[in-house]
Ligand SMILES: O=P(O)(O)OC[C@H]1O[C@@H](O)[C@H](O)[C@@H]1O
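Residue numbers (this note's numbering): 35 to 318.
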């Protein structure tokens with residue numbers, strides 16, 4: 035978690051603070067009062083990727099509110115919004131994780147919350163005072179990808195219905211130059227297993243770019259890349275905002291040649307490289 039303090043001249047400084055986890059598992063955070071004497075705004079940046087970080091955030095916000103004037107705005111930047119994929123109750127007996135997480139964030143009363151490339155419209159609708167930085171904006175920060183798309187070197191593949199609107203937006207940003215081909219995946223709602231993947235269009239001899247919000251274990255993209263390759267696609271690239279890659283990159287060997295992602299889920303030095311795949315991390 036990084037904390038920034040803004041002063042009246044508009045300058046921003048990184049605030050140093052003490053934190054540790056007690057041996058019993060409880061979180062501790064302590065700020066130095068002097069760091070906030072001229073603070074007019076506070077910004078918290080966190081990759082909110084596990085439960086301890088959520089508790090640490092709560093504790094930090096409470097400490098900050100006790101230290102600063104009530105009117106001092108506290109803004110939160112959480113590029114990866116956790117539980118966003120649990121945006122509907124698929125099977126009776128499950129929780130609506132996205133709503134649980136949104137009410138946790140709302141309970142901390144931030145003056146602004148920034149997230150990146152929300153999984154669906156559900157999280158932005160549930161979080162108060164939220165700004166969702168769109169995938170197309172993040173893509174614009176990768177010059178190589180932008181140039182390849184502008185030159186029409188890549189055909190865009192939308193991996194499922196959920197990604198369709200966003201993929202069309204990418205094509206429109208480049209004046210409709212990149213062709214868009216829709217893919218469909220069918221999941222077993224109980225197990226999450228992908229039963230079928232198909233593409234609607236011709237990819238023979240084309241260099242394709244699959245664009246999506248999250249790559250977790252990668253099953254979606256492995257199955258899709260198999261179908262693309264067997265339909266004659268030349269080079270397969272993947273552009274993912276939130277690169278979790280919980281099963282590493284080697285699982286894509288022979289199927290995906292290039293991966294582009296941001297550092298929203300983990301910092302660049304925590305990615306494990308694969309010799310067979312070119313990985314480009316768009317650092318924000
Ligand atoms: O197939 P893995 O990588 O596990 O999961 C990622 C996919 O699952 C969806 O929620 C994401 O939008 C993406 O399409």
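Positions of the beta carbon are idealized from the N, C-alpha and C atoms, including for glycine. Computed from a predicted model, the values in this text were never measured in an experiment.
- Per DSSP, the continuous beta strand (DSSP E) segment holding residue 218 begins and ends at 214-221.
- At least 8 Å separates the beta-carbon of residue 149 from that of residue 116.
- Excluding the 5 residues flanking it on each side, residue 35 has same chain C-beta neighbours closer than 6 Å at 80, in chain order.
- Leaving aside the five residues that flank residue 72 on each side, the residues in its chain whose CB is nearer than 6 Å to its CB run, in chain order, 41.
- Here residue 201 is not near residue 183, since their CB atoms are 8 Å or more apart.
- Counting only residues of its own chain and dropping the five nearest sequence neighbours on each side, residue 137 has a CB closer than 8 Å to the CB of 160.
- Assignment of residue 96 by DSSP, reduced to helix, strand and coil, places it in the helix class.
- Secondary structure at residue 131: helix, using DSSP grouped into helix, strand and coil.
- For residue 236 and residue 270, the gap between their C-alpha atoms comes out near 14 Å.
- Close CB contacts of residue 317 within its chain, under the 7 Å cut and outside five residues either way in sequence, are with 297 and 302 (chain order).
- Counting C-beta pairs closer than 8 Å gives fewer than three between the stretch 308-315 and the stretch 215-222, which falls short of the contact rule.
- Between ligand 1 and residue 254, a heavy atom-to-CB distance of less than 7 Å is present.
- Around the beta carbon of residue 231, a 10 Å sphere encloses 16 or more other beta carbons of the protein chains shown; the residue is thus reported as buried.
- DSSP places residue 271 within a strand segment (E or B) once states are collapsed to three.
- Residue 200 carries a helical assignment under DSSP once its states are collapsed to helix, strand and coil.
- In the DSSP assignment, residue 256 falls within the alpha helix (DSSP H) that extends over 253-264.
- Placement of the Cβ of residue 247 at a distance of less than 7 Å from at least one heavy atom of ligand 1 is found.
- Three or more beta-carbon pairs separated by less than 8 Å are not found between the stretch 123-132 and the stretch 83-91, which leaves the two stretches without contact.
- Taking non-hydrogen atoms of ligand 1 into account, the C-beta of residue 143 is found less than 7 Å away from none of them.
- Separation of residue 110 and residue 68 (C-alpha to C-alpha, rounded to the nearest whole angstrom) is 21 Å.
- Relative to ligand 1, the nearest heavy atom lies less than 7 Å away from the CB of residue 153.
- Judged by DSSP in its simplified three-state form, residue 79 adopts strand.
- The three-state reading of DSSP puts residue 284 in helix, counting H, G and I together.
- Residue 232 is bridged by DSSP to 218.
- The residues 306 and 308, in chain order, have a CB closer than 8 Å to that of residue 282 in the same chain once the five nearest residues on each side in sequence are set aside.
- Nearest in C-alpha terms to residue 98, of all of 233, 162, 266 and 52, is 52.
- DSSP places residue 161 outside both helix and strand once states are collapsed to three, so it counts as coil.
- Closest by C-alpha distance to residue 211, out of 196, 172, 181 and 239, is 181.
- CA-to-CA, the gap between residue 157 and residue 274 works out to about 18 Å.
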